[in-house]
Amino acid sequence: GQQLNQNPQSMFIQEGEDVSMNCTSSSIFNTWLWYKQDPGEGPVLLIALYKAGELTSNGRLTAQFGITRKDSFLNISASIPSDVGIYFCAGRQGGSEKLVFGKGTKLTVNP
Amino acid sequence: ETGVTQTPRHLVMGMTNKKSLKCEQHLGHNAMYWYKQSAKKPLELMFVYSLEERVENNSVPSRFSPECPNSSHLFLHLHTLQPEDSALYLCASSPTGIGYGYTFGSGTRLTVV
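First to last, the sequence lines map onto chains Y and A. Those letters in the first sequence? Residues 1 to 111, by our numbering. Those letters in the second sequence? Residues 1 to 113, by our numbering.
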């Protein structure tokens, strides 16, 4: 089935640093979503993107829907310890209700 | 409170046991999903129900048996599981139709001994 390549697989950063992660595909997606999963919990939706080029923010988080519709980016500014978790990208292709998930980026923030 | 509630949160079962996982949503969604999440693996879609009809079964072994009695409830019946079935089992729901994200429950951490 269709796969999303999510990079990096893990990140270790200092508190206060900015973070960037991305998700790419060989196919076009019509919707991009970013989720965060805290340890022992289910993923929670952070940001949803519906149009190519769209840039959307949610507090310190900003995500972009790539112009080619084959990628998406998530940035976290001024990281704090509670940003720790696994961040998943997810995409939906035209005509499909099903979401395809990336493998996740595990973020560790050192105080 | 995510709107999708899964019980139990933790389950330890022997390979000969029969147990069931329960998922309940009160968001008015018409589609429900079971995912398996193992360590160092991506989320694996197991089953999809849309309007109470099973619309997808991703080659899941028959020892996993889903049931969707109504649009608010989803069960996963387990029997004669293997140790490699130990994982976090996540339930999700969404409105039907293109353009919506999924709302996940907190999951059931299953350990098969």
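Every residue gets a Cβ at the ideal spot worked out from N, C-alpha and C, and that includes glycine.
Per DSSP, the bridge partner or partners of D71/Y: T24/Y
Any beta strand (DSSP E) of 3 or more consecutive residues that is wholly inside the region 19 to 75 of chain A: 31 to 37, 44 to 50, 53 to 57 and 64 to 70
Three-state secondary structure assigned by DSSP to S96/Y: Residue state, collapsed to three classes: coil.
Counted within 10 angstroms of its Cβ, other Cβ atoms place R54/A as buried (16 or more) or exposed: exposed
Burial state of K36/A (16 or more Cβ within 10 Å): Residue environment analysis places K36/A among the buried positions, since at least 16 neighbouring C-beta atoms fall within 10 angstroms of its C-beta.
Check whether L21/A and Y102/A have beta carbons under 7 angstroms apart: no
Inter-residue spacing [alpha-carbon to alpha-carbon] between I28/Y and T56/Y: It is roughly 19 angstroms from the alpha-carbon of I28/Y to the alpha-carbon of T56/Y.
Simplified DSSP assignment, three categories, for M77/Y: The sequence as given places Ser at residue 77/Y; Met does not occur at that position. Looking at S77/Y - three-state DSSP - the assignment turns out to be coil, as it is neither helix nor strand.
7 angstroms Cβ cutoff, E15/Y in contact with chain A: no
Short CB-CB distance (under 7 angstroms) between L90/A and chain Y: yes
Contact between the region 68 to 88 of chain A and the region 88 to 97 of chain Y (3+ Cβ pairs under 8 angstroms): no
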